[in-house]
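Data first, discussion second: the structure below is written as structure tokens.
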Ligand code: FES
Ligand SMILES: [Fe+2]
């Protein structure tokens, strides 16, 4: 049995950090669709209005407790409870009760702040229920290659804490062994700016021992945004003019389970000189490789423990700097919660 912390987990910090967390892929939710969800130990409902707005609300109707994720209907910009047809708007307010002259003025369901970025749907989580302290940037992805890349939600990486998963980006020493790359080294200064942790890395060719220059190897620029999202931009000399983007989000379901979301896409520079066929060849190989690579850490995260004071070597990246920055997303709690 692993030794558990006062949170009932393998981590000495709360399992539900603060930030934006993925709860689905935008393309999987058409207008009128409704999905029951469970995240942050809460029953939730995700739906898309006929006008196209994605909405996340607490699942249970304040009337007599029906779950709004099953057999409910989206009509216009509202969702209708399957039990007695109370109707709720995108702000969670009850705006219609059949046969009643007056809508109970305090009838409402809690809504969760939602943002759609990079083909993913995110919700804001703060353990105390505070509103978003910052917005996710709107990245310019108009040069996206349609239909290329992959997306996947893994529910088999155990209770990997988001902090641990994003630590991968600065864990230079694990790239060659786990991801079969060449040596990974720092490629410039780390920038920490409120909820953003930026770390540029250069991956050298396999067995390369020569001098490092901007023409050698691939660049990987990772940004962690708050407690729940990492966005990575990478370029390789094999595909000049093509940028590979990864969005990775880790969303706690309850203390004993997290969902790992990944979306890979490609942006093509206006002056890219590769032919369409060559771009297709590269993006489909990169998608196949990228999807396989997601599994490489998959046997490590569910079983590792958190070493609060790791014994680091000169080959390691700025792991402690990253952990120090991430601390701001740990809720300050007196009462630990139990693992399920
Ligand atoms: S339980 Fe939802 S309308 Fe009655
Ligand atoms: Fe990794």
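In this note's numbering, the protein residues as written are 12 to 351. Here a beta-carbon is modelled for each residue, glycine too, at the ideal position from N, C-alpha and C.
* How long is the line joining the alpha carbons of residue 215 and residue 275, rounded to whole angstroms? -> 22 Å
* Asked: Can the beta-carbon of residue 60 be found less than 8 Å from the beta-carbon of residue 85?
  -> yes
* residue 47 - containing beta strand (DSSP E), residue span -> 45-50
* Leaving out five residues before and five after residue 41 in sequence, what residues of the same chain have Cβ atoms less than 8 Å from its Cβ? -> 59
* Given residue 148 as reference, the closest of 76, 225, 207 and 66 once Cα atoms are compared -> 207
* To do: Consult DSSP for residue 126 and reduce its assignment to one of helix, strand or coil.
  => strand
* To do: Run the proximity test for residue 185: is its beta-carbon closer than 7 Å to any non-hydrogen atom belonging to ligand 2?
  => yes
* **Residue interval of the alpha helix (DSSP H) (run including residue 174)** => 173-178
* Asked: Pairing CB atoms from the segment 177-189 with CB atoms from the segment 150-169, are three or more of them under 8 Å?
  -> no
* Asked: With respect to the alpha helix (DSSP H) encompassing residue 303, which residues constitute its N-terminal and C-terminal limits?
  -> 287-304
* Best match in 241, 92 and 171 for proximity to residue 120 [C-alpha to C-alpha] -> 92
* **residue 1 and residue 219 closer than 8 Å at C-beta** => Outside the displayed range of the chain (12 to 351) lies residue 1, so it cannot be described from this structure.
* **Coil, strand or helix - residue 228 by DSSP** => coil
* Asked: Under a three-way DSSP split, which group does residue 113 fall into?
  -> coil
* Check whether the Cβ atoms of residue 251 and residue 284 sit closer than 8 Å, and answer yes or no. => yes
* **DSSP three-state assignment for residue 168, whether helix, strand or coil** => coil
* Asked: Among residues of its own chain, excluding the 5 on either side of residue 272, which ones have a beta-carbon nearer than 6 Å to its beta-carbon?
  -> 33, 164 and 260
* To do: Compute the distance between the beta-carbons of residue 97 and residue 72, then report whether it is under 8 Å.
  => yes
* Would you list the residues sitting across from residue 99 in a DSSP beta bridge? => 90 and 105
* C-alpha distance - residue 321 paired with residue 186, whole-angstrom precision -> 18 Å
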